[in-house]
Amino acid sequence: MRAFITGGTGFIGGRVARKLRARGDAVVALVRTPAKAGHLADLGCELIEGDLSDVDALGKGMAGADSVFHIAAAYKVGIWESECEEMRVANVTGTENVLRTAVDEGVERVLYVSTIGYFGNTRGQVVDETFTRTDLDWLTCYDETKYRAHEVAARFIADGAPVVIAQPGGVYGPDDPSDLGMLFDRIKSGWLKVSVMPGVGFNFLHVDDASDGIILAHDKGRIGESYVLGGQIATLGDLIAGVARAYGRKPPSRELPVPLIKRSALVWKYLAPLLGFPPNLKELVKASDGVTYWATDDKARRELGYSPRTLEVGLQDLAAS
Numbered sequence: 087m088r089a090f091i092t093g094g095t096g097f098i099g100g101r102v103a104r105k106l107r108a109r110g111d112a113v114v115a116l117v118r119t120p121a122k123a124g125h126l127a128d129l130g131c132e133l134i135e136g137d138l139s140d141v142d143a144l145g146k147g148m149a150g151a152d153s154v155f156h157i158a159a160a161y162k163v164g165i166w167e168s169e170c171e172e173m174r175v176a177n178v179t180g181t182e183n184v185l186r187t188a189v190d191e192g193v194e195r196v197l198y199v200s201t202i203g204y205f206g207n208t209r210g211q212v213v214d215e216t217f218t219r220t221d222l223d224w225l226t227c228y229d230e231t232k233y234r235a236h237e238v239a240a241r242f243i244a245d246g247a248p249v250v251i252a253q254p255g256g257v258y259g260p261d262d263p264s265d266l267g268m269l270f271d272r273i274k275s276g277w278l279k280v281s282v283m284p285g286v287g288f289n290f291l292h293v294d295d296a297s298d299g300i301i302l303a304h305d306k307g308r309i310g311e312s313y314v315l316g317g318q319i320a321t322l323g324d325l326i327a328g329v330a331r332a333y334g335r336k337p338p339s340r341e342l343p344v345p346l347i348k349r350s351a352l353v354w355k356y357l358a359p360l361l362g363f364p365p366n367l368k369e370l371v372k373a374s375d376g377v378t379y380w381a382t383d384d385k386a387r388r389e390l391g392y393s394p395r396t397l398e399v400g401l402q403d404l405a406a407s
């Protein structure tokens, strides 16, 4: 198989590219700066210079491709409104560019990576792929843009495009460049003394299970269907405690109350780096206080043979890596 991939230099996409190459697939990767994608070149990937706005580069990369893996996305929670438009262009317009080019190039199969966050705040309910979100009061810029990007994919499916959608939950693992990875570093070093909004809920999965699930959804998923990819439904507090145990540290014994967090706006920009959290306090609280992003991956387990590790095992694997 000849596969074109976006996001191949990223946390999840890099692992997908490696696994595709390991099984013998030809991989063409869209990269902004080829000089910074040496690990992909070392794998034997063909590099196409460009980004999601470069339709010519997308067409060049997809020429002769059997499949497309659209994994690239701008991800950041707790950002300022001034940064939102750039995220909209990357996530929404970029997805439209990729899918339209794939259709124009006659690609046989497209795997689009969405998110469990598409369902919004599930308010303690564990939903599945049939859930319809009615609350469009956006929690974050990321929430809005990934919702709209998923809707773009749904429209292409309705028009007959050969698209399968994967919806990972909260992904963790080695070399995570996100705020979650920074939080892990603070727990590992013993710096984290208090928990911040530990009740926010996710379906946590190891990055290697996420990449395996994406490839399974591509290989076995039914065209037009979505597949939730998870590992274990839990809270951020569960995750923090698990990371502490895995690294032989004591978990934080105190929680920073939400009312106090809301009153700390003036000093938050100084606290955030120490706690491993982003700078926009208002968006962070809205995305976390009383919020759950919970969905079951039963469909992926049943139809794809998806078999992720538990949170405890995943964190042990992380600590051992």
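Residue numbering for the sequence shown follows this note's numbering, beginning at 87 and increasing consecutively.
Where a beta carbon is used, it is the ideal one built from N, C-alpha and C, also for glycine.
Are the Cβ atoms of residue i and residue j separated by less than 8 Å?
| i | j | result |
| --- | --- | --- |
| residue 254 | residue 97 | no |
| residue 184 | residue 138 | yes |
| residue 188 | residue 199 | no |
| residue 127 | residue 106 | no |
| residue 373 | residue 133 | no |
| residue 317 | residue 291 | yes |
| residue 173 | residue 158 | no |
| residue 456 | residue 94 | Absent from the model: residue 456. The displayed extent of the chain is 87 to 407, so no value can be given. |
| residue 386 | residue 392 | yes |
| residue 344 | residue 207 | no |
| residue 149 | residue 182 | no |
| residue 74 | residue 328 | The question about residue 74 has no answer, for the chain in this structure spans 87 to 407. |
| residue 103 | residue 129 | yes |
| residue 256 | residue 288 | yes |
| residue 332 | residue 401 | yes |
| residue 369 | residue 202 | no |
| residue 156 | residue 92 | yes |
| residue 409 | residue 113 | Outside the modelled stretch of the chain, which goes from 87 to 407, sits residue 409, for which no answer is possible. |
| residue 101 | residue 297 | yes |
From the DSSP output, which residues share a beta bridge with residue i?
| i | result |
| --- | --- |
| residue 258 | 292 |
| residue 176 | BP columns for residue 176 are empty, so no partner. |
| residue 251 | 198 and 312 |
| residue 340 | 280 |
| residue 113 | 89 |
| residue 208 | Per DSSP, none; premise fails for residue 208. |
| residue 155 | 91 and 197 |
| residue 381 | 213 |
| residue 320 | 288 |
Within the continuous alpha helix (DSSP H) that includes residue i, where are the two ends?
| i | result |
| --- | --- |
| residue 275 | 265-275 |
| residue 231 | 227-244 |
| residue 386 | 384-390 |
| residue 134 | Element bounds for residue 134: not the alpha helix (DSSP H) but the beta strand (DSSP E), 132-135. |
| residue 103 | 99-108 |
| residue 393 | Run containing residue 393: none; DSSP gives neither H nor E here. |
| residue 222 | Taken as a continuous stretch (DSSP letters only), residue 222 belongs to no alpha helix (DSSP H), as it is neither H nor E. |
| residue 371 | 367-374 |
| residue 162 | Per DSSP, residue 162 belongs to no alpha helix (DSSP H) and is neither H nor E. |
| residue 142 | 141-148 |
Report back the beta-carbon spacing between residue i and residue j to the nearest angstrom; my notes put them in contact at under 8 Å.
| i | j | result |
| --- | --- | --- |
| residue 228 | residue 163 | 6 Å |
| residue 340 | residue 280 | 5 Å |
| residue 383 | residue 314 | 5 Å |
| residue 169 | residue 248 | Actually they are not in contact, since the Cβ atoms of residue 169 and residue 248 sit about 33 Å apart, beyond 8 Å. |
| residue 250 | residue 303 | 5 Å |
| residue 252 | residue 300 | 5 Å |
| residue 395 | residue 295 | 6 Å |
| residue 260 | residue 326 | No, residue 260 and residue 326 are not in contact; Cβ-Cβ is about 18 Å, not under 8 Å. |
| residue 390 | residue 323 | Actually they are not in contact, since the Cβ atoms of residue 390 and residue 323 sit about 30 Å apart, beyond 8 Å. |
| residue 214 | residue 381 | 6 Å |
| residue 205 | residue 219 | 6 Å |
| residue 321 | residue 286 | 7 Å |
Hey, could you find the ends of the beta strand (DSSP E) residue i is sitting in?
| i | result |
| --- | --- |
| residue 88 | 88-92 |
| residue 121 | It is not in any beta strand (DSSP E) - residue 121 carries neither H nor E in the DSSP assignment. |
Is residue i close to chain D, meaning its C-beta is less than 8 Å from at least one C-beta of that chain?
| i | result |
| --- | --- |
| residue 210 | The structure shown has no chain D; it contains just one protein chain. |
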